[in-house]
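To start, the structure under review is shown below, and the notes come after it.
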Amino acid sequence: MTPIVSRRGFVGGVAAAVAGLTLPPDREWKLGRAPRPMALQQAGDEYDALAKLANNENPYGPSESVLEAMTRAFKYANRYGYPDGDITEEIARHHGVKPEQIMLGAGSSEILDVACSALLLDDRKVVGSDPSYDMLYQHATGLKADQIKVPLLEGYRQDIPGLIRAVKARHRDVGFLYLCNPNNPTGGIVPKQEVARLLEEIPEDVPVVIDEAYHHFVVDPAYATAMPYVLEGRPVIITRTFSKIFGLAGMRLGYAVSSRDLIQRLRPYAATLSVNAIVKWAGVAALRDTASEARVKRTTLDLRDRTTAE
1180 MTPIVSRRGF VGGVAAAVAG LTLPPDREWK LGRAPRPMAL QQAGDEYDAL AKLANNENPY
1240 GPSESVLEAM TRAFKYANRY GYPDGDITEE IARHHGVKPE QIMLGAGSSE ILDVACSALL
1300 LDDRKVVGSD PSYDMLYQHA TGLKADQIKV PLLEGYRQDI PGLIRAVKAR HRDVGFLYLC
1360 NPNNPTGGIV PKQEVARLLE EIPEDVPVVI DEAYHHFVVD PAYATAMPYV LEGRPVIITR
1420 TFSKIFGLAG MRLGYAVSSR DLIQRLRPYA ATLSVNAIVK WAGVAALRDT ASEARVKRTT
1480 LDLRDRTTAE
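Just so you know, the sequence shown maps onto residues 1180 to 1489 in the working numbering.
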């Protein structure tokens, strides 16, 4: 299950929480393969009648300015090579990086798939926490790549020393380390000091994919985005999505921010035309509409606090 946001990070779905309560963390690393994914589609009438909480879909939808931008972009629906609103340049400006450091994807899930395809060649393995965002492990399984999963600590905290040990123990076999922060589905953050320790202590040639899909909803001062490490030239790939705070889950837009060299390693494995014209214009408008973003965040945090208090 995907998580809903809580006071410090976010709280996972009920099934995941119950499973976590009945299965205390195992202190041994585990080589595992992911379960088969659940179907996401439902009949139209049934879908419209349900309040579907597990996927954390934004109930407010795109803002008015985003809807207007999407409507204007429909005129490009029949064309290739259309103007795209300079979406890559807009994202690069937003993060203070160069456009060649950005790669678009159909949601951040596609970026994670591309990372697996590009970095798990030659029987390489992914190291990550267990549980964490399972779609990444599912894709690794599809590639017949093993996962080295490090169980969570008490309180559902990610075991940073354990991840460091796992990478060092299998250094030459590791394609990349995956860190979901905030974690999905358990909800906890990895504090910025622990992220710094992780990047300092693992071998410097091991890429680290840091999934920040729920970055916008964290208020804990111990948390910080890992974007500065990209600016420092560290082998870090940050993934972000427009699915959550911007309400574009069904339109599919995400992106990676990394060094030019790592983006070049990823790009050959990305689909050529997976991101459509309409959502590119939507993304530009969403990044510029800071007032709507702030309103969705404020409303979500208020409802989150009231719900968890109950």
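Note that beta-carbon positions come from the ideal geometry of N, C-alpha and C, so glycine has one too.
Being a predicted model, the structure only gives us computed values, none of them experimental.
query                                                                                                                                                                           : result
What residue ranges within the stretch 1358 to 1435 form continuous beta strand (DSSP E) runs of no fewer than 3 residues, ordered along the chain?                             : 1387 to 1390, 1415 to 1420
Would you kindly work out how many angstroms separate the C-alpha atoms of residue 1330 and residue 1307, rounded to a whole number?                                            : 9 Å
Given this structure, state the Cα-to-Cα distance separating residue 1300 from residue 1271, to the nearest angstrom.                                                           : 29 Å
Report the start-end ranges of each alpha helix (DSSP H) in the stretch 1266 to 1338 that is 4 residues or longer and not cut off at the edges.                                 : 1266 to 1274, 1287 to 1298, 1313 to 1321
Let me check understanding here. Comparing Cα to Cα, which of 1379, 1385, 1471 lies closest to residue 1357?                                                                    : 1385
The alpha helix (DSSP H) spanning residue 1440 covers which residue range?                                                                                                      : 1439 to 1445
Look at the alpha carbon of residue 1489 and the alpha carbon of residue 1479, and state the distance between them as a whole number of angstroms.                              : 15 Å
What does a CB cutoff of less than 6 Å around residue 1382 pick up in its chain, not counting 5 residues either side in sequence?                                               : 1350
When you compare only the Cα positions, how much space is there between residue 1396 and residue 1379?                                                                          : 27 Å
Any idea which residues DSSP pairs residue 1356 with across the strands?                                                                                                        : 1306, 1387
Can you name, in chain order, every residue of its own chain whose Cβ lies under 6 Å from the Cβ of residue 1373, other than the five neighbours on each side?                  : 1339
When you compare the CB positions of residue 1368 and residue 1402, do they come within less than 8 Å of one another, or not?                                                   : yes
Excluding sequence positions up to five away, which residues of its chain have a Cβ less than 6 Å from the Cβ of residue 1448?                                                  : 1293, 1296, 1297
So, are the CB atoms of residue 1283 and residue 1409 less than 8 Å apart?                                                                                                      : no
Between the C-alpha atoms of residue 1393 and residue 1441, what's the straight-line distance to the nearest angstrom?                                                          : 23 Å
Between 1260, 1428, 1279, which has its C-alpha nearest residue 1444's C-alpha?                                                                                                 : 1279
Short of 7 Å in beta carbon distance, which residues of its chain neighbour residue 1446, apart from the five on each side in sequence? Order them along the chain.             : 1282
Out of 1251, 1427, 1366, state which residue places its alpha-carbon closest to the alpha-carbon of residue 1399.                                                               : 1366
Determine the contact status of residue 1337 and residue 1304, defining contact as a CB-CB distance below 8 Å.                                                                  : no
Can you tell me the Cα-Cα spacing of residue 1371 and residue 1332, whole angstroms?                                                                                            : 18 Å
Say whether the stretch 1250 to 1266 touches the stretch 1408 to 1426, bearing in mind that this needs 3 or more beta-carbon pairs closer than 8 Å, one atom from each stretch. : no
Quick test of your reading: residue 1237 and residue 1475, contact by CB under 8 Å. State the CB separation rounded to the nearest angstrom.                                    : 7 Å
On the criterion of 16 or more Cβ atoms from any shown chain inside 10 Å, does residue 1412 qualify as buried, or is it exposed?                                                : exposed
Which one of 1242, 1389, 1267 has the shortest CA to CA distance from residue 1291?                                                                                             : 1389
Quick one, which of 1458, 1485, 1459, 1360 has its alpha-carbon nearest residue 1310's?                                                                                         : 1360
With a CB to CB cut of under 6 Å and the five nearest residues on each side skipped, what residues in its chain are close to residue 1457?                                      : 1249, 1252
Could you give the distance in angstroms between the alpha-carbon of residue 1226 and the alpha-carbon of residue 1239?                                                         : 16 Å
Just the Cα atoms here: how many angstroms apart are residue 1262 and residue 1364?                                                                                             : 37 Å
For the alpha helix (DSSP H) containing residue 1467, list its first residue and its last residue.                                                                              : 1456 to 1467
Measure the C-alpha to C-alpha separation of residue 1569 and residue 1242 and round it to an integer number of angstroms.                                                      : What the structure shows of the chain is the stretch from 1180 to 1489, and residue 1569 is not part of that stretch, so it cannot be assessed.
Helix, strand or coil, according to DSSP, for residue 1263 in the structure here?                                                                                               : coil
Exposed or buried, residue 1451, counting other C-beta atoms within 10 Å across all chains shown (16 or more means buried)?                                                     : exposed
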